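Protein chains in written order, with the UniProt record's numbering: chain A, 1 to 323; chain B, 1 to 323. By construction, the Cβ of each residue, glycine as well, lies at the ideal position given by its N, Cα and C atoms. None of these values were measured; they are calculated from a predicted model. Notes follow the structure.
There are 2 protein chains.
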Amino acid sequence: MTDTQAVVKNILTTGAILTDEALERLLPGTETQPHSIHRAMRHSTFAGGKRLRPILCMEAARMVAGPHSLGNDIPDGAAALGAALEMLHTYSLIHDDLPALDNDDLRRGQPTCHVAFGEATAILAGDALQTLAFQTIAELPAPPAAVVSILKAVAIAVGTGVGADLPGALAPGMIGGQVMDIESGGKPPTADLVERIHRAKTGALITVSIVAGGLLGSAHAHHDAGASADTIARLRTFGEKAGLAFQIVDDVLDMTQSSEELGKTAGKDTATDKATWPAVYGIEQSKTDAAQLIADAFDALAPFGEAATPLKSLAQYLVDRTH
Amino acid sequence: MTDTQAVVKNILTTGAILTDEALERLLPGTETQPHSIHRAMRHSTFAGGKRLRPILCMEAARMVAGPHSLGNDIPDGAAALGAALEMLHTYSLIHDDLPALDNDDLRRGQPTCHVAFGEATAILAGDALQTLAFQTIAELPAPPAAVVSILKAVAIAVGTGVGADLPGALAPGMIGGQVMDIESGGKPPTADLVERIHRAKTGALITVSIVAGGLLGSAHAHHDAGASADTIARLRTFGEKAGLAFQIVDDVLDMTQSSEELGKTAGKDTATDKATWPAVYGIEQSKTDAAQLIADAFDALAPFGEAATPLKSLAQYLVDRTH
Chain A
1 MTDTQAVVKN
11 ILTTGAILTD
21 EALERLLPGT
31 ETQPHSIHRA
41 MRHSTFAGGK
51 RLRPILCMEA
61 ARMVAGPHSL
71 GNDIPDGAAA
81 LGAALEMLHT
91 YSLIHDDLPA
101 LDNDDLRRGQ
111 PTCHVAFGEA
121 TAILAGDALQ
131 TLAFQTIAEL
141 PAPPAAVVSI
151 LKAVAIAVGT
161 GVGADLPGAL
171 APGMIGGQVM
181 DIESGGKPPT
191 ADLVERIHRA
201 KTGALITVSI
211 VAGGLLGSAH
221 AHHDAGASAD
231 TIARLRTFGE
241 KAGLAFQIVD
251 DVLDMTQSSE
261 ELGKTAGKDT
271 ATDKATWPAV
281 YGIEQSKTDA
291 AQLIADAFDA
301 LAPFGEAATP
311 LKSLAQYLVD
321 RTH
Chain B
1 MTDTQAVVKN
11 ILTTGAILTD
21 EALERLLPGT
31 ETQPHSIHRA
41 MRHSTFAGGK
51 RLRPILCMEA
61 ARMVAGPHSL
71 GNDIPDGAAA
81 LGAALEMLHT
91 YSLIHDDLPA
101 LDNDDLRRGQ
111 PTCHVAFGEA
121 TAILAGDALQ
131 TLAFQTIAEL
141 PAPPAAVVSI
151 LKAVAIAVGT
161 GVGADLPGAL
171 APGMIGGQVM
181 DIESGGKPPT
191 ADLVERIHRA
201 KTGALITVSI
211 VAGGLLGSAH
221 AHHDAGASAD
231 TIARLRTFGE
241 KAGLAFQIVD
251 DVLDMTQSSE
261 ELGKTAGKDT
271 ATDKATWPAV
281 YGIEQSKTDA
291 AQLIADAFDA
301 LAPFGEAATP
311 LKSLAQYLVD
321 RTH
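Right, dumping it as structure tokens:
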């Protein structure tokens, strides 16, 4: 194992443990009334996700907090913020899997929420995870001004794109991407549409995970009003480029791997004519594009020097993965 | 028309106009991409609701801001906060009407969201209204500490009840109430269950509308850290008592009015054996209980004196209504 591989393995293992501890603390127990919804929320949240968004959030928080960060640990509240982002991701998956949307029975190797708990409970479990995510952010141990900045950025990122033209906003939003994805079904995918859907549907939440982590890290480092505009712009560029690269790699894996290797229904995107990067550019060009996007993402973090190594190693690992 | 009737008519008319102006400003236009979801969000939001929650919010804000409030107008941001609460109410109705839940085709005299736009778009439109509500609260023109207090209180009120045992919280939450309502279907309704469902499903959002309005009004009146604990406790008691009274009156009207008079499918609760107050206590006792709850609600506002008249007149009107 190389040094880089060891760093990444440590980040992924520690990050997943910290995220799961935070989720365990924040999600109501299975014996909390009403039972069915809390069981459904936990079923989907603890179905074996990689915790990519929380880990990116915590690493961005640590990088921005810098030498002020006590013992170079993850800043206070970053695990809770990461858990909130994972709740938002899980809520979007639960609703996306519903019969009226993607109608998927299998997710992360487990029955999807509506298969296990029925459609009504799955709809409400998704709703409640969104609510609990915002509650968790509102309760972060950070100055109120930083909490409000994080709340605004996250809400814009997971919405339809409202306010995304404002300075500091991330355009367009996660739900907007889901709608564009539905509307694109059956039409021949174009390059422009594919990029817009990717940036919205998965890119916005990944990007805001990094930006929100930076805002929290900055607040703990006692900088002025949150992070500087330059820091936020650099984190956003890193998130947008790396997020798009992750999605391209996901789409390539969907076309080249079996369902068993992926833990979800493989070839689904092709089968339903969904707009994906490899469908437009082919598999080889997609791999080249992902590598270039990661190089651009790394450039954005240049001013952070050595402190950016964990985040960069993690991104490199994610585009190099084979399943 | 008596003086009280004139006061109430003015509150309802002005409040609905202010709410609609705020919603018009905050909701993306029907020509904003992606079209389908923004049209669906507007279809349900502008389907003729009474704007009860926003109006209660604005009147509570005005009452608490008191003589500090410039020209005794609605405090700055109260209409936007009211609009956010109406978005949350609308999102819950859209999801509640879905085939997997209540399967209702008619709401406020209009086709429900999934009938007009399809199930996928209706699910995502509800999701996006919840997101936009939290974004709107995060962007309120108020000190960050007050914004965070309002956001926490609202998130707890519309969730499953997580954190509802904390001081300042409202137990249990709106989604929790929807789940209890689903779980109760077909079972003989008991008095305890009916009260718990009412307090959660509709009471929590009504109560937090009044509490959040008070927190905003207090922040504008330059009191110390938001409203005093006594003020919040009194607003909460008023909201809980009056909210339960409104729901009892709603259930009585559902049993005694035609669909045409109500603008929604009448007798639905009886038909599906839903737990309602008149199903347990009968219609006459329900009317007596509603009157007693309103009297208790008024007692809680005694220290506000004359400033409480608009809020009290409004509550009285709502339990006296016949459709």
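| In this structure, does DSSP put A/L301 in helix, strand or coil? | Taking the first residue of the first sequence as position 1, residue 301 of chain A is located at position 301. Here DSSP, grouped into helix, strand and coil, assigns A/L301 to coil.
| message | If you reduce the DSSP assignment to three classes, tell me which class B/Q178 lands in. | response | Within the second sequence, residue 178 of chain B is the residue found at index 178, counting from 1. Reduced to three states, the DSSP call for B/Q178 is helix.
| request: Check the DSSP bridge columns for B/R107 and list the partner residues they point to. | output: Within the second sequence, numbered from 1, the residue matching residue 107 of chain B stands at position 107. BP columns for B/R107 point to B/Q110.
| field | Alpha-carbon to alpha-carbon, B/V147 and B/A61 | value | Stepping through the second sequence from its first residue, residue 61 of chain B is reached at position 61. Stepping through the second sequence from its first residue, residue 147 of chain B is reached at position 147. In this structure, the CA atom of B/A61 is about 14 Å from the CA atom of B/V147.
| query | At a Cβ cut of 8 Å, what residues of the segment 143-159 of chain B count as close to chain A, listed as they run along the chain? | reply | The segment 143-159 of chain B vs chain A, Cβ under 8 Å: P143, P144, A145, V147, V148, L151, K152, A155, I156, V158, G159.
| Any C-beta of chain A sitting closer than 8 Å to the C-beta of B/A120? | Translated into positions along the second sequence, residue 120 of chain B becomes position 120. Under the Cβ criterion of 8 Å, B/A120 is counted among the residues facing chain A.
| said: So with CB distances below 7 Å, who are the chain A contacts of B/L132? | reply: Walking along the second sequence from the start, residue 132 of chain B turns up at place 132. Chain order gives the chain A residues near B/L132 as G159, V162, where near means a beta carbon separation below 7 Å.
| query | A/A133 and A/G161: beta carbons closer than 8 Å? | reply | Position 133 of the first sequence, counting from 1, holds the residue named residue 133 of chain A. Position 161 of the first sequence, counting from 1, holds the residue named residue 161 of chain A. In this structure, A/G161 does not lie closer than 8 Å to A/A133 by Cβ.
| message | If contacts are defined as beta-carbon pairs under 8 Å, then B/G126 and B/I94 qualify, I think. What distance do you get, rounded to the angstrom? | response | Counting from 1 along the second sequence, the entry for residue 126 of chain B is found at position 126. Counting from 1 along the second sequence, the entry for residue 94 of chain B is found at position 94. In this structure, B/G126 and B/I94 form a Cβ contact; the two beta carbons are roughly 4 Å apart against a cut-off of 8 Å.
| Local Cβ density within 10 Å of A/P141, reported as buried at 16 or more and exposed below that | The residue given as residue 141 of chain A occupies position 141 in the first sequence. Flag for A/P141 reads exposed.
| task | Report the rounded CA-to-CA distance for residue 324 of chain B versus B/I150, giving the unit in angstroms. | result | Here chain B comprises residues numbered 1 to 323, so residue 324 of chain B is not present and cannot be evaluated.
| task | Would you please verify whether the beta carbon of A/V194 is less than 8 Å from any beta carbon of chain B? | result | Stepping through the first sequence from its first residue, residue 194 of chain A is reached at position 194. Judged by the 8 Å Cβ criterion, A/V194 is not in contact with chain B.
| message | Short of 6 Å in beta carbon distance, which residues of its chain neighbour B/A245, apart from the five on each side in sequence? Order them along the chain. | response | Reading the second sequence from its first residue, position 245 is the one you call residue 245 of chain B. Only A290, L293, I294, V319 meet the Cβ criterion.
| request: Output the distance between the C-alpha atoms of B/T288 and B/S184, rounded to the nearest integer angstrom. | output: Residue numbering aside, residue 288 of chain B sits at position 288 when the second sequence is read from its first letter. Residue numbering aside, residue 184 of chain B sits at position 184 when the second sequence is read from its first letter. If you take the alpha carbons of B/T288 and B/S184, they lie about 25 Å apart.
| said: Considering just the uninterrupted stretch of the alpha helix (DSSP H) at residue 332 of chain A, what are its terminal residues? | reply: The shown model of chain A, from 1 to 323, leaves out residue 332 of chain A, and the question about it has no answer.
| field | DSSP three-state assignment for A/G203, whether helix, strand or coil | value | Stepping through the first sequence from its first residue, residue 203 of chain A is reached at position 203. Helix.
| request: Can you pull the chain A residues whose beta carbon is under 8 Å from the beta carbon of B/P34, in chain order? | output: Locating residue 34 of chain B in the second sequence gives position 34, counting from the first residue. Result: T160, G176, V179, M180, E183.
| said: Helix, strand or coil, according to DSSP, for A/E50 in the structure here? | reply: By 1-based counting over the first sequence, the position of residue 50 of chain A is 50. Looking at the sequence itself, residue 50 of chain A is Lys, so the reference to Glu does not match. Here A/K50 carries a coil assignment [DSSP, helix/strand/coil].
| request: With 7 Å as the limit, tell me which residues of the segment 99-120 of chain B have their beta carbon closer than that to any beta carbon of chain A; keep them in chain order. | output: Correct list: A100, L101, E119, A120.
| Terminal residues of the continuous alpha helix (DSSP H) containing A/P278? | In the first sequence, residue 278 of chain A corresponds to position 278, counting from 1. Counting along the chain, the alpha helix (DSSP H) containing A/P278 begins and ends at 277-281.
| What number of angstroms, rounded off, separates the C-alpha of B/A204 from the C-alpha of A/T309? | Counted from its first residue, the second sequence places residue 204 of chain B at position 204. Counted from its first residue, the first sequence places residue 309 of chain A at position 309. The alpha-carbon atoms of B/A204 and A/T309 are separated by roughly 47 Å.
| A/G66 versus A/V179, A/G214, A/I283, A/E284, residue with shortest Cα-Cα distance | By one-based count along the first sequence, residue 66 of chain A stands at place 66. Taking only the C-alpha atoms, the option nearest A/G66 is A/G214.
| Counting pairs of Cβ atoms below 8 Å between the segment 19-30 of chain B and the segment 75-86 of chain B, do you hit three or more? | Yes, the segment 19-30 of chain B touches the segment 75-86 of chain B.
| said: With a threshold of 8 Å, are at least 3 pairs of Cβ atoms found where one atom belongs to the segment 43-50 of chain A and the other to the segment 89-105 of chain A? | reply: The segment 43-50 of chain A vs the segment 89-105 of chain A: in contact.
| query | Per DSSP, what kind of secondary structure is B/G168 in: helix, strand or coil? | reply | Against the second sequence, residue 168 of chain B aligns to sequence position 168. A caution first: B/G168 carries a pLDDT of 45, below 50, which makes its placement in the model unreliable, though a value can still be read off. Coil at B/G168, not helix or strand.
| request: Return the CA-CA distance between B/T256 and A/L193, expressed in angstroms with no decimal places. | output: Translated into the one-based positions of the second sequence, residue 256 of chain B becomes position 256. Translated into the one-based positions of the first sequence, residue 193 of chain A becomes position 193. Rounded to the nearest angstrom, the two C-alpha atoms are 53 Å apart.
| request: Assign B/H198 to one of two classes, buried (16 or more other C-beta atoms within 10 Å of its C-beta) or exposed (fewer than that). | output: Looking up residue 198 of chain B in the second sequence gives position 198. Residue burial annotation: B/H198 is buried, with at least 16 other C-beta atoms found within 10 angstroms of its C-beta.
| request: Quick one: residues in its chain with C-beta nearer than 8 Å to the C-beta of A/T231, no 5 flanking neighbours on either side, listed in chain order? | output: Numbered from its first residue, the first sequence carries residue 231 of chain A at position 231. Result list for A/T231: V64, G214, S218, in chain order.
| What residues from chain A crowd round B/I197, counting only those whose CB sits closer than 8 Å? | By 1-based counting over the second sequence, the position of residue 197 of chain B is 197. Under the 8 Å cutoff, chain A gives no residues; its nearest Cβ is about 10 Å from B/I197.
| Quick one: is A/T14 buried, meaning 16 or more other Cβ sit within 10 Å of its Cβ, or exposed? | Translated into the one-based positions of the first sequence, residue 14 of chain A becomes position 14. Exposed, because fewer than 16 other Cβ atoms sit within 10 Å of the Cβ of A/T14.
| query | Roughly how many angstroms lie between the CA atoms of B/T237 and B/W277, to the nearest whole one? | reply | Position 237 of the second sequence holds residue 237 of chain B. Position 277 of the second sequence holds residue 277 of chain B. Their Cα atoms are separated by approximately 20 Å.
| request: Would you kindly work out how many angstroms separate the C-alpha atoms of B/Q110 and A/P303, rounded to a whole number? | output: Locating residue 110 of chain B in the second sequence gives position 110, counting from the first residue. Locating residue 303 of chain A in the first sequence gives position 303, counting from the first residue. CA-CA distance, B/Q110 to A/P303, rounds to 56 Å.
| request: Counting only the same chain and skipping the five closest in sequence on each side, list residues whose C-beta sits under 6 Å from that of A/S228. | output: Locating residue 228 of chain A in the first sequence gives position 228, where the first residue counts as 1. Hits under 6 Å: none found.
| query | Quick one: is residue 326 of chain B near chain A, going by C-beta distance under 8 Å? | reply | Since the first and last residues shown for chain B are 1 and 323, residue 326 of chain B lies out of range.
| For A/V7, which of helix, strand or coil comes out of DSSP? | As a first step, residue 7 of chain A must be located in the first sequence, where it is residue number 7. Three-state result, A/V7: helix.
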